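K.L.:
As numbered in this note's numbering, residues 1 to 155 make up the sequence shown, in order.
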Amino acid sequence: MTPHFALSHFISGTFYRLPESMPMIPDQTAKWFVLVVDDEHVIADTLVLILTQAGFDAVAAYSGREAVHRAVQLKPDLVITDVVMPDMNGIDASIAIKSFLPQCKILLFSGQANTSNLLRQSRNSGHSFELLSKPVPPADLIAKLRDYSGSQAAV
């Protein structure tokens, strides 16, 4: 048993046990670089750990503004962002990132009810993003990222 897969991880008030059978991304597949954004440091850092253990390259940002600055520097393939954050919400950060990285995939996640109004406003402005509800089980998140990256690895 690999010790890092036996750890329990805390995501949005829920402990998840990482499956020991969670497969890695095959070596022949180029690693995707993922920027994880959440103003709750524990959530962002835990998601980075989970993604790294699953074979992705991942870093955290702790605000919408920081996400935009890091995206300029790091040019991620995918941004996973919380929606409701104090300085700049995840939708506004995503729109800003897409303006200079149009090929970047965006995946929003939120546990708050007022997210639907923000999503509706962004759709009315011509922006459409996929939303996952918190808490997100790690295996579901990895499967979604593999769908985005085109990896054929099964979860």
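The beta carbon of each residue, even a glycine, is placed where N, CA and C say it ideally should be.
This structure is a prediction, so every number in the text was calculated from the model and none was measured.
1. For Phe129, tell me which candidate among Pro86, Val136, Met85 and Leu107 has the shortest Cα-Cα distance.
2. Give the secondary structure of Glu66 by DSSP, where H, G and I count as helix, E and B as strand, and everything else as coil.
3. Tell whether a beta-carbon distance below 9 Å holds between Val59 and Leu49.
4. Could you tell me whether the Cβ atoms of Asp77 and Phe33 are closer together than 9 Å?
5. How is the beta strand (DSSP E) around Ser110 delimited, first residue to last?
6. Quick check on DSSP: helix, strand or coil for Val84?
7. Give the secondary structure of Gln139 by DSSP, where H, G and I count as helix, E and B as strand, and everything else as coil.
8. Take every Cβ of the region 79 to 93, pair it with every Cβ of the region 35 to 54, and state whether three or more of those distances are shorter than 8 Å.
P.N.:
This is what the structure holds:
1. Taking only the C-alpha atoms, the option nearest Phe129 is Leu107.
2. In the structure shown, Glu66 sits in a helix (DSSP, three-state: H, G or I).
3. Cβ atoms of Val59 and Leu49: not closer than 9 Å.
4. Phe33 sits close to Asp77, with the two beta carbons spaced by under 9 Å.
5. For Ser110, the uninterrupted beta strand (DSSP E) segment begins and ends at Lys105 to Ser110.
6. It is coil, neither helix nor strand.
7. Correcting the residue identity first, residue 139 is Ala in this sequence and not Gln. The answer is helix: DSSP assigns Ala139 an H, G or I state.
8. Yes, they touch.
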